[in-house]
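Trainee: Residue numbers (our numbering): -10 to 465.
Ideal placement from N, C-alpha and C gives every residue a C-beta, glycine not left out.
Please read these numbers as outputs of a predicted model, since none were measured by experiment.
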């Protein structure tokens, strides 16, 4: 292999944006320190009137701020160049791609609306062999637009060189789920409809808008979190065991799960809830009413807390409710997937207690995650009394940040944990009836005070687990 073949160029469109500085460049720094891209040429591009020195300063600042100040990172920062360009102009794009050494990787650190315009312009550019395209989610804005964008991208590069990135699939805690499920003889046989009563996938955070109102008010929690991220986590948690961790096996498995997923009872009114926060205090910070925030249109009725219950209608999971929930400005942050197991068929006469079910808890998030198993055992003192105890351990932090993991797959030309085109379309299909019901106000928009645990009176599980118990009783 020649030196030219080994060279790669990462072109970041939207180089001056928050995503690039806050997440993408620190992630690149962690990947560089793992030796994943020796000799990388880093080109930043945007409409800002920057010099090479301005861009190099931003790169060094992001690397240093994340603690990535080794020789490799310094060398990449010193060689980095900046090209002022309009990414929606095909001539500017052609000139930009012409600056690349070796195989270009074009990273769209742009809003979804701009990304689609850039893709249209890119169809007029003669892309070099081996070009990879990297797109942030959300991918499209509904099922139809996602399918159309897939068709457009397919005219430029093969599917296996399109990386639709979801940084949730870069969390070490999510990746560790694969080992937990498929390397544990104890756990894997229990994860099915015969043993699991319900599953929760929850991402509740204390953060408010954090300057993202312009985008968030048009997306809301349903699109921003459930469609974009939690459905992907669900697919990893529920997929059948792959024969190998390669792009075909893993992505076939996750896409198969998503094709089988639907709203519980196909009833978006009875199986979903939405709410938005009012003024309150979170972690000592006063947050205004969401509807009064800058760049928010209160008449849009955007939700900041969304909850849907779905079913994976396949052999393993049919009849098990999966509750997906995500909200902002909540006083009790919670980021975990929880498998609640069915009760035992019968307790021996004389045993007391056993008021809570066995649960497997898998922590999700940016840092070191926890794995906990809540078990019912004989308590101390009275051998006839059952108490709940918790066995827990830490997954440990990964060697790479979540964006480092994302870039690892891109730099190594491995799309195993990139979202495939058909899976992206399925995620929009799953939430389509919910969006329609909410747009028609068939589901009320509740309110909750910022810093609270959510709207008063929201019961757990949207009644789905109770539905399953009733159905089981009828079957018996």
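1. What whole-angstrom Cβ distance do residue 76 and residue 34 have, given they're in contact under 8 Å?
2. Can you tell me the Cβ-Cβ gap for residue 187 and residue 329, rounded? I've got them flagged as a contact below 8 Å.
3. Looking at the secondary structure, which residues open and close the alpha helix (DSSP H) in which residue 139 lies?
4. Can you tell me whether residue 341 is buried or exposed, with buried defined as 16 or more other CB within 10 angstroms of its CB?
5. Leaving out five residues before and five after residue 160 in sequence, what residues of the same chain have Cβ atoms less than 6 Å from its Cβ?
6. Please list the terminal residues of the continuous beta strand (DSSP E) segment that includes residue 122.
7. Could you give the distance in angstroms between the alpha-carbon of residue 29 and the alpha-carbon of residue 321?
8. Tell me which residues share the same chain as residue 253 and place their Cβ nearer than 7 Å to its Cβ, disregarding the 5 neighbours each side in the sequence.
9. Roughly how many whole angstroms lie between the Cα atoms of residue 304 and residue 343?
10. Count the other CB atoms within 10 Å of the CB of residue 150; is the residue buried (16 or more) or exposed (fewer)?
11. Are the segment 195 to 211 and the segment 142 to 158 in contact at 8 Å, needing three or more beta carbon pairs?
12. Indicate whether the contact test is met: 3 or more Cβ pairs, each with one atom in the segment 32 to 48 and one in the segment 121 to 136, closer than 8 Å.
13. Taking the beta carbon of residue 249 as the centre, do at least 16 other beta carbons fall within 10 Å, making it buried, or is it exposed?
14. Near residue 462, what residues of its chain come up, given a Cβ to Cβ distance below 7 Å and the 5 sequence neighbours on each side ignored?
15. With burial defined as no fewer than 16 other Cβ atoms inside 10 Å of the residue's Cβ, what is the status of residue 69: buried or exposed?
16. With DSSP collapsed to three states, give me the class of residue 397.
17. Alpha carbon to alpha carbon, how far is residue 412 from residue 84?
18. Can residue 158 and residue 225 be called in contact, C-beta distance under 9 Å?
19. So for residue 39, helix, strand or coil by DSSP?
20. Threshold first: 3 residues or longer. Then list the beta strand (DSSP E) segments lying entirely within the segment 214 to 285, N to C.
Mentor: The short version:
1. 7 Å
2. 5 Å
3. 132 to 143
4. exposed
5. 391
6. 121 to 125
7. 42 Å
8. 260, 298, 299, 300, 310, 453
9. Going by C-alpha positions, residue 304 is about 30 Å away from residue 343.
10. buried
11. The segment 195 to 211 vs the segment 142 to 158: no contact.
12. No, because fewer than three Cβ pairs between the segment 32 to 48 and the segment 121 to 136 fall closer than 8 Å, the two stretches do not touch.
13. Residue environment for residue 249: buried (at least 16 other C-beta atoms within 10 angstroms of its C-beta).
14. Any reading at residue 462 must be qualified, since the residue scores a pLDDT of 43, below 50, and its modelled position is unreliable; the value itself is stated next. Answer for residue 462: no residue qualifies.
15. buried
16. In the structure shown, residue 397 sits in a helix (DSSP, three-state: H, G or I).
17. 33 Å
18. yes
19. coil
20. List check, beta strand (DSSP E) in window: 250 to 252, 261 to 267, 269 to 271, 274 to 276.
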